[in-house]
Amino acid sequence: MIPTLVLGVGNVILRYTGQIIGVRLTNNGLIEAQWYLYSLIFLFGFAYVLKNQINVRVDFWFAHQPKKKRAWIDFIGHHVGLLPFAILGLWLSIPQVVTSWQLNEQSPDPSGLPRAPIKTMIPVAFALLLMQTAAELVKLWAIVRDHPEDIEYGEVEAPLRLE
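Under my numbering, the very last position in the sequence shown is 406; numbers go up by exactly one each time.
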């Protein structure tokens, strides 16, 4: 995250300094590197969010349910929504990545970066999400079956309500 911030601030400083002195100091490679890094944070954040249970939910209702009921809700939700999403994302992204590498796809902008490496991270991120989903399903199944020994299942706090 810090490299993205440093690169972004650097791009802004170079752009405005260049405007003041009348010389173009930035290039498309630096700008694209910034959004490549941001994309990596976003893509790899999926599995992290799932592992740490900081995903968006209807917390005002979910937080007040007993642990076993929350586990059932997550178990069914992961099967109905998350698992198909991860499988579909992985399945649809692989042909695009293969094509990108075959064509040696480049940025259309002058001095831009190649597109294939960042596109390769899409199926990698979906594979990580799929593996984390499998781990969560095993954990949830243990809780549903009343075998929660050594299983970490975070407590959900009710959201702060401002009225």
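Quick reminder that beta carbons are idealized off the backbone N, C-alpha and C, glycines included.
Along the chain, where does the alpha helix (DSSP H) containing ILE407 start, and where does it finish? Since the displayed the chain opens at 244 and closes at 406, residue 407 lies outside it and no answer follows.
Do LEU293 and GLU379 come within 8 Å of each other at the CB atom, strictly closer than that value? One-based indexing of the sequence shown puts residue 379 at position 136. One-based indexing of the sequence shown puts residue 293 at position 50. Result yes, Cβ atoms of GLU379 and LEU293 sit closer than 8 Å.
Taking just the CA atoms, how far does GLN349 sit from GLN296? Position 53 of the sequence shown, counting from 1, holds the residue named residue 296. Position 106 of the sequence shown, counting from 1, holds the residue named residue 349. In a straight line, the C-alpha of GLN296 is about 37 Å away from that of GLN349.
Looking only at C-alpha atoms, which of VAL255, ILE386, GLU275, GLN277 sits nearest to ARG267? Residue 267 sits at position 24 when you count from the first residue of the sequence shown. Looking at the Cα atoms, VAL255 is the closest of the given residues.
Taking one C-beta from the segment 271-291 and one from the segment 372-391 each time, how about it: are there three or more such pairs within less than 8 Å? yes
So, using beta-carbon positions, are GLY272 and LEU325 closer together than 8 Å? Against the sequence shown, residue 272 aligns to sequence position 29. Against the sequence shown, residue 325 aligns to sequence position 82. For GLY272 and LEU325, no; Cβs fall outside 8 Å.
Using DSSP with H/G/I as helix, E/B as strand and the rest coil, what is GLN349? Here residue 349 is taken as the residue at index 106 of the sequence shown, counted from 1. Three-state result, GLN349: strand.
Tell whether a beta-carbon distance below 8 Å holds between VAL387 and PHE303. Here residue 387 corresponds to residue number 144 of the sequence shown, with the count starting at 1. Here residue 303 corresponds to residue number 60 of the sequence shown, with the count starting at 1. Not in contact: VAL387 and PHE303 (Cβ atoms no closer than 8 Å).
Which residue wins for smallest C-alpha separation from THR363, given the options VAL340, GLN345, PRO353? Your numbering for residue 363 matches position 120 in the sequence shown. Among VAL340, GLN345, PRO353, the Cα nearest to that of THR363 belongs to VAL340.
Three-way DSSP call (helix, strand, coil) for PRO309 in this model: On the sequence shown, residue 309 is found 66 positions in, with the first residue counted as 1. Correct three-state label for PRO309: coil.
Hey, could you find the ends of the alpha helix (DSSP H) PRO357 is sitting in? Within the sequence shown, the letter at position 114 stands for residue 357. First-last for PRO357: undefined, no H or E at that position.
If we count the other Cβ atoms within 10 Å of its Cβ and call it buried at 16 or more, is ALA377 buried or exposed? Position 134 of the sequence shown holds residue 377. Exposed.
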